[in-house]
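Numbered per this note's numbering, the sequence shown spans residues 3 to 106. From the three backbone atoms N, C-alpha and C, an ideal C-beta is built for every residue, glycine too. Here the structure is a predicted model, which is why all the values come from computation and not from measurement. This report concerns only the one structure given below.
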Amino acid sequence: MVEAASMMVDEQYNGLSSGYGKDAVVQLVRAFASEGLPVDPESWLRAYFVAGGDFRHADSINKLVTEMRSGVKHRVQSRYVDNIFQLISDRVQSRSSTVETLVP
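The following block contains the structure:
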């Protein structure tokens, strides 16, 4: 989740409540939900802050994830490929294997 949240942080320059920022948040949360992770605002906010997210945009993430949890269907444009969860997972695993080889 932290890796996905860092992708949200990359989009926060224009805000996360509309446009590309909203597209990124909604699509990433949907991707993780489809893999069985909960649509939980607190978990996503924790990951967002760990990734270096700005307090100014925390309300936007909280609002979007809360609405998604309650069943609101947000219309967004596709920002990422369909298998974004797998790509993020592979990226995290490759980083952890690199650390394991560097640390005896």
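* Report the three-state DSSP secondary structure of H76 (helix, strand or coil). => By 1-based counting over the sequence shown, the position of residue 76 is 74. Here H76 sits in coil by DSSP.
* Asked: Going along the chain, which residues of its own chain have a beta-carbon closer than 7 Å to the beta-carbon of E5, five neighbours each way excluded?
  -> The count along the sequence shown starts at 1 and reaches residue 5 at position 3. Hits under 7 Å: I90, R93, V94.
* Where L18 and M10 are concerned, what is the direct C-alpha to C-alpha distance, given to the nearest angstrom? -> Position 16 of the sequence shown holds residue 18. Position 8 of the sequence shown holds residue 10. Roughly 8 Å between the two C-alpha positions.
* **A53 in three-state terms, based on DSSP** => Start at 1 with the first residue of the sequence shown, and residue 53 comes out as number 51. In this structure, A53 counts as coil in the three-state DSSP scheme.
* For V41, which residues from the same chain have a beta carbon less than 7 Å from its beta carbon, with the 5 sequence-adjacent residues on both sides left out? -> Locating residue 41 in the sequence shown gives position 39, where the first residue counts as 1. Hits under 7 Å: V31, A35, V67, M70, R71.
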